[in-house]
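Trainee: In terms of UniProt numbering, the sequence shown has 165 at position 165, counting the first letter as 1, and numbering is strictly consecutive.
Using N, Cα and C, we set each Cβ at its ideal position, and we do this for glycine too.
A quick note: this is a predicted structure, and the numbers were derived from the prediction, not measured.
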Amino acid sequence: MFKKSIVIPFLIGIMMLSACMDNDSSQDRDSNTDEPQNMNQQPIESDRKEENNKDPVAEQVESMTLEEKISQMMYVGVQGTSLSEQQRDTIEKEQFGGLFLLEENIESGPQLRQFTTDIIEADQTNDVPLFMGIDEEGGRVSRIPEPVQNFPTNRVIGEANSTELSEDIGQLLAEKVKAYGFNMDFAPVLDVNNNPNNPVIGDRSFGANPAVVSDLGTATMQGIKAEQVVPVVKHFPGHGDTSVDSHINLPEVNKSMETLKEFELVPFRDAIDEGADMVMVAHILYSQIDEEYPSSLSDEVISDMLREELNFDGVVITDDMTMGAITENYGMAEAAVLSIQAGTDMFMMYDAMNGNYGEVKAAILEAVKNEEISEDTLDESVERILRLKDEYNLENEAPSDIDEETLNQDITNVINRLP
1 MFKKSIVIPF LIGIMMLSAC MDNDSSQDRD SNTDEPQNMN QQPIESDRKE
51 ENNKDPVAEQ VESMTLEEKI SQMMYVGVQG TSLSEQQRDT IEKEQFGGLF
101 LLEENIESGP QLRQFTTDII EADQTNDVPL FMGIDEEGGR VSRIPEPVQN
151 FPTNRVIGEA NSTELSEDIG QLLAEKVKAY GFNMDFAPVL DVNNNPNNPV
201 IGDRSFGANP AVVSDLGTAT MQGIKAEQVV PVVKHFPGHG DTSVDSHINL
251 PEVNKSMETL KEFELVPFRD AIDEGADMVM VAHILYSQID EEYPSSLSDE
301 VISDMLREEL NFDGVVITDD MTMGAITENY GMAEAAVLSI QAGTDMFMMY
351 DAMNGNYGEV KAAILEAVKN EEISEDTLDE SVERILRLKD EYNLENEAPS
401 DIDEETLNQD ITNVINRLP
């Protein structure tokens, strides 16, 4: 009796609940038919997500004209020790990717700071900030003037063979260049000095042992990076076993790929594995690799060896195209086109302000028109350049005040740790 009295009300309750649910479902269906616009909500949400996921660097490249892309690939020099109105106008108009100074541009600390400030101000109206580069290796290749103290040669540092010391030196090299308006240091030198008659590298190298050069060079690179200055490792694939100075004419090295892998390429491979952002390619003919073109113009060296063999996906820059190795054998415009075809992202031209940039730009435009260079190739290079600038948060900012006394004391403290 008790079971029957419980079950019947229970069944009735279930039936009533089911009817209510059916009614609610029917109302929901009716309500949905009154709001057809809800069917479009998912695509709208997808569109929003797609907009949010757009790559700002890729978008910027897409928005640039062909001429602007070519300008970003130019790393130019400027003559004199102060900025003329014509040079100022050229910088503002051309929107170069980078600008570098040499020893002849520098007279004193205050003059250098004013010079870089004027250059940076001339570029203020451009959307993309300049790379501002200088050679500050220490030793005999030091551009930052007194009273800021210089470091000993890399050979001396190599004899100490301390990665901790080398990293500290890298940081201070970066502090030096940053204090004078530069955001890029063409250092460290990763050449293995295995030719005692080498006229150009010598004590600029950490030594003749590839492992030592690799360890100390990579540590120096990391120290420079730590100060948000872009290090440029050089001179790929190695300038240490040459008997001709590439500033004067074209050196030739007769080495196989197997030998290069055991010696010259070791420091570059390790630096790339440790995050090298930029590699400078030298003007050297490695005849067993490419019997026709120097490394800076060679597809076999840049695309095959550097990109494929060493898996480098950063920015490739040539050494200065106004060096004798190029000017004695090629026209400037011809060399620039060949270099881009080989896989270069940026090419250095010290005397571009004399009007060479116009000739070079015209030659590249013509090569694109004739399908000798694809615009996709330029896009890839410019995207790498802009990504690097974005990664280092570059801005067109004049150098801040410098505390020379503190900087010199820090340099002295590091030098005193050398044996």
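For the structure I just gave you, are there three or more beta carbon pairs, one from the stretch 365 to 372 and one from the stretch 86 to 103, closer than 8 Å?
Mentor: The stretch 365 to 372, when compared against the stretch 86 to 103, does not touch it at the 8 Å Cβ threshold.
Trainee: Can the beta-carbon of residue 142 be found less than 8 Å from the beta-carbon of residue 236?
Mentor: To locate residue 142, count along the sequence shown from 1; it is residue 142. To locate residue 236, count along the sequence shown from 1; it is residue 236. No, the Cβ-Cβ distance between residue 142 and residue 236 is not below 8 Å.
Trainee: Taking the alpha-carbon of residue 218 as reference, which of 75, 109 and 277 has the nearest alpha-carbon?
Mentor: Locating residue 218 in the sequence shown gives position 218, where the first residue counts as 1. Ranking the options by Cα distance to residue 218, first place goes to 277.
Trainee: Identify the continuous alpha helix (DSSP H) that holds residue 347 and give its terminal residues.
Mentor: Indexing the sequence shown from 1 puts residue 347 at position 347. That residue, residue 347, is in no alpha helix (DSSP H); its beta strand (DSSP E) goes 346 to 349.
Trainee: Relative to the C-alpha of residue 79, which candidate in 64, 92, 103 and 65 has its C-alpha closest?
Mentor: Walking along the sequence shown from the start, residue 79 turns up at place 79. That would be 103, whose Cα lies nearest to the Cα of residue 79.
Trainee: Look at the Cβ atom of residue 279, then the Cβ atom of residue 233, and state whether they are nearer than 8 Å.
Mentor: Walking along the sequence shown from the start, residue 279 turns up at place 279. Walking along the sequence shown from the start, residue 233 turns up at place 233. Closer than 8 Å, so yes.
Trainee: Please classify residue 188 as buried or exposed, where buried requires at least 16 neighbouring CB atoms within 10 angstroms.
Mentor: As a first step, residue 188 must be located in the sequence shown, where it is residue number 188. Result: buried.
Trainee: Quick one: Cα of residue 212 to Cα of residue 127, how far?
Mentor: The count along the sequence shown starts at 1 and reaches residue 212 at position 212. The count along the sequence shown starts at 1 and reaches residue 127 at position 127. Between residue 212 and residue 127, the C-alpha separation is close to 41 Å.
Trainee: Quick one: Cα of residue 293 to Cα of residue 285, how far?
Mentor: Working through the sequence shown from its first residue, we reach residue 293 at position 293. Working through the sequence shown from its first residue, we reach residue 285 at position 285. If I take the Cα positions, the gap works out to 6 Å.
Trainee: Could you check how far apart the C-beta atoms of residue 335 and residue 246 are, in whole angstroms? I think they sit under 8 Å.
Mentor: Here residue 335 refers to the residue found at position 335 of the sequence shown. Here residue 246 refers to the residue found at position 246 of the sequence shown. Rounded, the Cβ-Cβ distance is 13 Å, inconsistent with contact.
Trainee: Let me make sure I understand the geometry here. Which of 339, 161, 191 and 346 has the alpha-carbon closest to that of residue 314?
Mentor: As a working note, residue 314 is residue 314 in the sequence shown. With distances taken between Cα atoms, residue 314 lies closest to 346.
Trainee: In whole angstroms, what separates the C-alpha of residue 113 from that of residue 402?
Mentor: Residue 113 sits at position 113 when you count from the first residue of the sequence shown. Residue 402 sits at position 402 when you count from the first residue of the sequence shown. Taking the straight line from one Cα to the other gives about 10 Å.
Trainee: Check for me: the alpha helix (DSSP H) holding residue 332 runs from which residue to which?
Mentor: Working through the sequence shown from its first residue, we reach residue 332 at position 332. Unbroken alpha helix (DSSP H) run through residue 332: 332 to 342.
Trainee: From this set, 412, 416, 298 and 373, which residue's C-alpha is nearest residue 148's C-alpha?
Mentor: Here residue 148 refers to the residue found at position 148 of the sequence shown. For the residues 412, 416, 298 and 373, the minimum Cα distance to residue 148 belongs to 412.
Trainee: If we call anything under 8 Å between Cβ atoms a contact, is residue 407 one with residue 152?
Mentor: Sequence index remark: in the sequence shown, residue 407 carries index 407 (1-based). Sequence index remark: in the sequence shown, residue 152 carries index 152 (1-based). Not closer than 8 Å, so no.
Trainee: Threshold first: 3 residues or longer. Then list the beta strand (DSSP E) segments lying entirely within the stretch 98 to 123, N to C.
Mentor: List check, beta strand (DSSP E) in window: 98 to 100.
Trainee: Taking a contact to mean a Cβ-Cβ separation below 8 Å, would you say residue 144 touches residue 157 in this structure?
Mentor: Here residue 144 refers to the residue found at position 144 of the sequence shown. Here residue 157 refers to the residue found at position 157 of the sequence shown. In this structure, residue 157 does not lie closer than 8 Å to residue 144 by Cβ.
Trainee: Is it a yes or a no for the stretch 74 to 89 touching the stretch 349 to 361, going by three-plus beta-carbon pairs under 8 Å?
Mentor: Result yes; three or more Cβ-Cβ pairs closer than 8 Å.
Trainee: Out of 178, 184, 208 and 181, which has the shortest C-alpha to C-alpha gap to residue 191?
Mentor: Numbered from 1 along the sequence shown, position 191 holds the residue referred to as residue 191. If we check each option's Cα against that of residue 191, 208 comes out closest.
Trainee: Can you grab the Cα-Cα spacing for the pair residue 300 / residue 65, in whole Å?
Mentor: Your numbering for residue 300 matches position 300 in the sequence shown. Your numbering for residue 65 matches position 65 in the sequence shown. Straight-line Cα distance between these residues: approximately 30 Å.
Trainee: Check for me: the alpha helix (DSSP H) holding residue 268 runs from which residue to which?
Mentor: Locating residue 268 in the sequence shown gives position 268, counting from the first residue. Element bounds for residue 268: 265 to 273.
Trainee: Secondary structure at residue 203, three-state DSSP: helix, strand or coil?
Mentor: Within the sequence shown, numbered from 1, the residue matching residue 203 stands at position 203. Reduced to three states, the DSSP call for residue 203 is helix.
Trainee: Among the candidates 56, 88 and 136, whose CA atom is the shortest distance from the CA of residue 124?
Mentor: Taking the sequence shown and counting its residues from 1, one reaches residue 124 at position 124. Residue 88 is the option with its Cα nearest to residue 124.
Trainee: Given this structure, state the Cα-to-Cα distance separating residue 110 from residue 254, to the nearest angstrom.
Mentor: Residue mapping note: residue 110 aligns to position 110 of the sequence shown, counting from 1. Residue mapping note: residue 254 aligns to position 254 of the sequence shown, counting from 1. Near 46 Å, if we compare the C-alpha coordinates of residue 254 and residue 110.
Trainee: Please report the distance separating the alpha-carbon of residue 414 from that of residue 165.
Mentor: Counting from 1 along the sequence shown, the entry for residue 414 is found at position 414. Counting from 1 along the sequence shown, the entry for residue 165 is found at position 165. Approximately 7 Å, taken between the alpha carbons.
Trainee: What does DSSP give as the partner residue(s) for residue 279 in the beta ladder?
Mentor: For the purposes of this step, residue 279 is taken as the residue at position 279 of the sequence shown. Answer is 233 and 316.
Trainee: Name, in chain order, the residues that DSSP records as bridge partners for residue 285.
Mentor: Here the question's residue 285 lines up with position 285 in the sequence shown. In the DSSP output, where bridge partners are listed per residue, residue 285 has 252.
Trainee: Using only the alpha-carbon positions, how far apart do residue 264 and residue 238 sit?
Mentor: As a working note, residue 264 is residue 264 in the sequence shown. As a working note, residue 238 is residue 238 in the sequence shown. Distance between the alpha carbons of residue 264 and residue 238 is about 5 Å.
Trainee: In chain order, what residues of the same chain have a beta carbon less than 7 Å from the beta carbon of residue 177, not counting five sequence neighbours either side?
Mentor: To locate residue 177, count along the sequence shown from 1; it is residue 177. 134, 136, 144, 185 and 229, listed in sequence order.
Trainee: If you draw a straight line from the alpha carbon of residue 374 to that of residue 271, how long is it in whole angstroms?
Mentor: Indexing the sequence shown from 1 puts residue 374 at position 374. Indexing the sequence shown from 1 puts residue 271 at position 271. Those two C-alpha atoms are separated by around 30 Å.
Trainee: Under 8 Å between the Cβ atoms of residue 130 and residue 396?
Mentor: Sequence index remark: in the sequence shown, residue 130 carries index 130 (1-based). Sequence index remark: in the sequence shown, residue 396 carries index 396 (1-based). Closer than 8 Å, so yes.
Trainee: Using a 10 Å radius around the Cβ and a threshold of 16 neighbouring Cβ atoms, would you call residue 251 buried or exposed?
Mentor: For this step, residue 251 is matched to residue 251 along the sequence shown. With 16 or more other Cβ atoms within 10 Å, it is buried.
Trainee: Indicate the three-state DSSP secondary structure (helix, strand or coil) for residue 29 in the structure shown.
Mentor: For the purposes of this step, residue 29 is identified with residue 29 of the sequence shown, where counting begins at 1. Low confidence applies here, because residue 29 scores a pLDDT of 39, under 50, leaving its location unreliable and the question unanswered by this model.
Trainee: From residue 85 to residue 118, what distance separates their C-alpha atoms?
Mentor: By one-based count along the sequence shown, residue 85 stands at place 85. By one-based count along the sequence shown, residue 118 stands at place 118. Rounded to the nearest angstrom, the two C-alpha atoms are 10 Å apart.
Trainee: Specify, as a first and last residue, the run of the alpha helix (DSSP H) that residue 137 falls within.
Mentor: As a working note, residue 137 is residue 137 in the sequence shown. Here residue 137 belongs to no alpha helix (DSSP H); instead the beta strand (DSSP E) covers 136 to 138.
Trainee: For residue 171, does the count of other Cβ atoms within 10 angstroms reach 16, so buried, or fall short, so exposed?
Mentor: Counting from one through the sequence shown, the residue named residue 171 turns up at place 171. With 16 or more other Cβ atoms within 10 Å, it is buried.
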